[in-house]
Structures are given as C-alpha cells and as structure tokens.
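With the first letter of the sequence shown counted as 1, position 4 gets the number 7 in the numbering used here; the numbers rise by one all the way through. For each residue, glycine too, the CB sits at the ideal point set by N, CA and C. Please read all numbers here as calculations on a predicted model, not as lab measurements. All remarks here apply to the structure that follows.
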Amino acid sequence: MEVVAKKISKKSLFKLLTIGFTFGISVFAILCGIAAFFGSETVEWNGVYKTGIEGFVYSLLIGPVLGFLSACFIWLFTVFGLWIYSFFRPIKVTFKHPIGE
Numbered sequence: 004m005e006v007v008a009k010k011i012s013k014k015s016l017f018k019l020l021t022i023g024f025t026f027g028i029s030v031f032a033i034l035c036g037i038a039a040f041f042g043s044e045t046v047e048w049n050g051v052y053k054t055g056i057e058g059f060v061y062s063l064l065i066g067p068v069l070g071f072l073s074a075c076f077i078w079l080f081t082v083f084g085l086w087i088y089s090f091f092r093p094i095k096v097t098f099k100h101p102i103g104e
C-alpha cells in the first residue's frame with residue numbers, strides 16, 4: 004500500500020522517530036548493560052565506568068533517555084527538511100502488510 008501526501012504531520016513523524024530510536028538504542032544499551040554485568044567497562048556515567056549490577060541498572064535508564072533525546076534532536080532537522088521537500092514533491096510512504104486489508 005502506498006500513500007502519497009503533500010506533508011506528513013509533525014506528531015506522526017515524532018512518534019515514528021521516538022519509537023524507532025528508543026527501542027533501537029534501548030536494545031543496544033541493554034546489551035552493553037549485560038556486558039557491564041559481567042565486568043566489561045561498557046557503561047559510563049559522568050566519566051566513571053559502571054560495572055556489575057550498577058552498570059546493568061544504569062543501562063536500563065540510559066537507553067530510553069538517550070533514545071528520546073536523539074529522537075527530539077533528529078526530529079527538529081527532519082521536520083525542517085521535509086517542509087522544504089514538500090515545496091517540490093509530494094511525500095510517498097509505502098506500507099508493508101497494512102492492517103485491515
């Protein structure tokens with residue numbers, strides 16, 4: 004299914020970016036937390052490496068926070084870029100396996 008539109012809503016774009024970044028970075032952070040649990044210096048907070056249970060707990064906090072902040076930052080530039088793009092062409096979004104079809 005392909006949808007062609009003049010613009011995409013800022014709220015929808017923010018939702019997509021937030022979900023993508025938060026879950027993506029959280030999975031990576033949890034993997035780093037598991038490594039920190041076993042003694043690897045993969046989790047750093049204020050210049051100090053956290054290992055063991057403390058490193059794992061910090062990774063659980065770092066993932067969602069970093070994902071959300073990244074999504075906010077990227078969203079600002081993406082909204083501006085898509086606004087400029089909308090003057091020249093419509094936006095085409097293709098969906099795979101839409102629900103209700």
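Cβ-based burial, residue i [other Cβ within 10 Å; buried from 16]
{"i": "residue 25", "result": "buried"}
{"i": "residue 102", "result": "exposed"}
{"i": "residue 53", "result": "buried"}
{"i": "residue 58", "result": "buried"}
{"i": "residue 61", "result": "buried"}
Pairwise C-alpha distance: residue j and residue i
{"i": "residue 7", "j": "residue 97", "result": "9 Å"}
{"i": "residue 76", "j": "residue 11", "result": "18 Å"}
{"i": "residue 95", "j": "residue 9", "result": "9 Å"}
{"i": "residue 40", "j": "residue 47", "result": "13 Å"}
{"i": "residue 15", "j": "residue 43", "result": "38 Å"}
{"i": "residue 81", "j": "residue 4", "result": "23 Å"}
DSSP-derived helix/strand/coil call for residue i
{"i": "residue 45", "result": "coil"}
{"i": "residue 14", "result": "helix"}
{"i": "residue 94", "result": "strand"}
Short CB-CB distance (under 8 Å) between residue i and chain D
{"i": "residue 87", "result": "Looking at the structure shown, chain D is missing, and only one protein chain is on hand."}
Cutoff 8 Å; reference residue i; Cβ partners in own chain excluding five residues on either side
{"i": "residue 74", "result": "17, 20, 21, 23, 24, 25"}
Cutoff 6 Å; reference residue i; Cβ partners in own chain excluding five residues on either side
{"i": "residue 78", "result": "17, 20"}
Using a Cβ distance threshold of 8 Å, determine whether the stretch 23-41 contacts the stretch 60-72, with at least three qualifying pairs required. With three or more CB-CB distances shorter than 8 Å, the stretch 23-41 counts as touching the stretch 60-72.
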